[in-house]
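Encoded as structure tokens, the structure appears first; notes follow it.
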Amino acid sequence: MIQSMTGFGKSMIELPNKKITIELKSLNSKNLDLNARMPSQYRERELDLRNKIAKSLSRGKVDFSLYVEVTGEATTASVNTEVVKKYLQQLKEIPTNGTADEASLLAIAMRLPDTLKTERDEIDESEFNAIDQGLTEALLEINEFRTAEGNALEKDFLLRVETLQQLLKEVIQIDPERIEGVKERLQKGIAELKESVDENRFEQELVYYIEKYDITEEKTRLENHLSYFMETLNSSGANGKKLAFIGQEIGREINTIGSKSNFAPMQKLVVQMKDELEKIKEQLLNVL
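Residue numbers (full-length UniProt numbering): 1 to 288.
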């Protein structure tokens, strides 16, 4: 069973005076690349949240967002009285010819810097426990999303591997015809020279060229690699990197068959095999 690295998870937490929303988004990446966005007062628990995410999402480019909306009357801001008094005192010293009253001066003063002070709001344990539970729910949702995406990828891989296996069967079927063609071309070339040749030496050279173009080992290895790919696809755990390595081995055997084939019908099959493999490799980039 494979998982995709693409996913989305979300949870909402209702507290007496605030609403907290947690979102997780992930895309493919070679390793875990975690970006966290949250209000500054929650940063003291960021490491705990990161560790929890890392244990659940081992790979991928992950965006973790924590949004807070105050719904009650609780506030951390208060008027900096001493600063406001000083502003008022200075404003009164400015001549206004009686056009500015106390209320308008106060309105001006409150718009000046540092008139409000914000006290740091500590996170109590009950609030963090609620956030931790919300993160658990978001992680569960994103992993379900990843599993569903992985199932779709698995179906696609199975179809493409079956296509590769069918193309390999066609390669095996036309291989004797290809070898016979090599023999005929060599014999025709010798005949066109109109020279007498040593039959024993000719047989030796013929065996050499046939061995040079022989793809028996490549066919066997390719068949084994395709079977191993299917086996790994159905195994447990994160298999993305392993499947990518097997994909490279599959490509190596296909390339070797193509370079040795020297036979148009077989080269056409090799092109089709390369096309299917490229589509597999593109999708493998997103497998956990």
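Glycine residues also receive a C-beta, built at the ideal position from the N, C-alpha and C atoms. These numbers come from a predicted model, not from an experiment.
To which residues of the same chain is residue i closer than 6 angstroms at the C-beta, ignoring the five residues directly before and after it?
| i | result |
| --- | --- |
| Q165 | L226 |
| S29 | G60 and K61 |
| I22 | S11, L66, G134, L135 and A138 |
| K260 | Y213 and I215 |
| R37 | S65 |
| R111 | none |
Take residue i and list the residues in its own chain whose beta-carbon comes closer than 7 angstroms to its own, dropping the five residues that flank it on each side.
| i | result |
| --- | --- |
| L47 | none |
| K281 | G247 |
| Q272 | L167 |
| E170 | L269 |
| L91 | L105, I108 and A109 |
| I172 | K219 |
| V68 | K18, I20 and P39 |
| M266 | V171, I174 and R178 |
| Y42 | L66 and I123 |
| A148 | none |
From the DSSP output, read off the bridge partner residues of residue i.
| i | result |
| --- | --- |
| M12 | T21 |
| K61 | L27 and D33 |
| L66 | I22 |
| V161 | According to DSSP, which records beta bridges pairwise, V161 is partnered with nothing at all. |
| V287 | S4 |
Can you tell me whether DSSP reads residue i as helix, strand or coil?
| i | result |
| --- | --- |
| G258 | helix |
| G7 | strand |
| S78 | strand |
| S126 | helix |
| P265 | helix |
| T232 | helix |
| D48 | helix |
| R111 | coil |
| P176 | helix |
| T71 | coil |
| N239 | coil |
| I94 | coil |
| Y213 | coil |
| D101 | coil |
| M273 | helix |
Taking Cβ positions, are residue i and residue j nearer each other than 8 angstroms?
| i | j | result |
| --- | --- | --- |
| I13 | A130 | yes |
| G9 | I174 | no |
| N63 | N35 | The residue asked about is misnamed: residue 63 is Asp in this sequence, not Asn. It is a contact, given that the beta carbons lie within the stated cut-off. |
| E137 | S4 | no |
| L243 | T232 | yes |
| R146 | G7 | yes |
| I215 | F229 | no |
| residue 349 | I257 | Outside the modelled stretch of the chain, which goes from 1 to 288, sits residue 349, for which no answer is possible. |
| Y87 | A107 | no |
| G240 | V287 | yes |
| E154 | I2 | yes |
Ignore the nearest five residues each way along the sequence and tell me which others in residue i's own chain have a CB closer than 8 angstroms to its CB.
| i | result |
| --- | --- |
| N262 | R178, V182 and Y213 |
| E44 | I123 |
| D114 | N80 and V83 |
| I210 | I179, V182 and K183 |
Between the options, which lies nearest to residue i when the distance is taken from Cα to Cα?
| i | options | result |
| --- | --- | --- |
| I20 | V70, S58 and S56 | V70 |
| L277 | E125, M38 and T163 | T163 |
| K279 | D156, S26 and E211 | D156 |
| F245 | L284, S58, Q41 and E149 | L284 |
| E25 | L140, A103, P39 and K85 | A small fix is needed here, since residue 25 is Lys in this sequence, not Glu. Among L140, A103, P39 and K85, the Cα nearest to that of K25 belongs to L140. |
| S56 | R111, N224, N17 and E144 | E144 |
| P16 | Q89, P176 and E127 | E127 |
| D132 | L112, A103, E93 and R50 | R50 |
| L27 | P176, G150 and E93 | G150 |
| R252 | S235, K274 and N234 | K274 |
| L158 | A264, N234, L112 and R37 | N234 |
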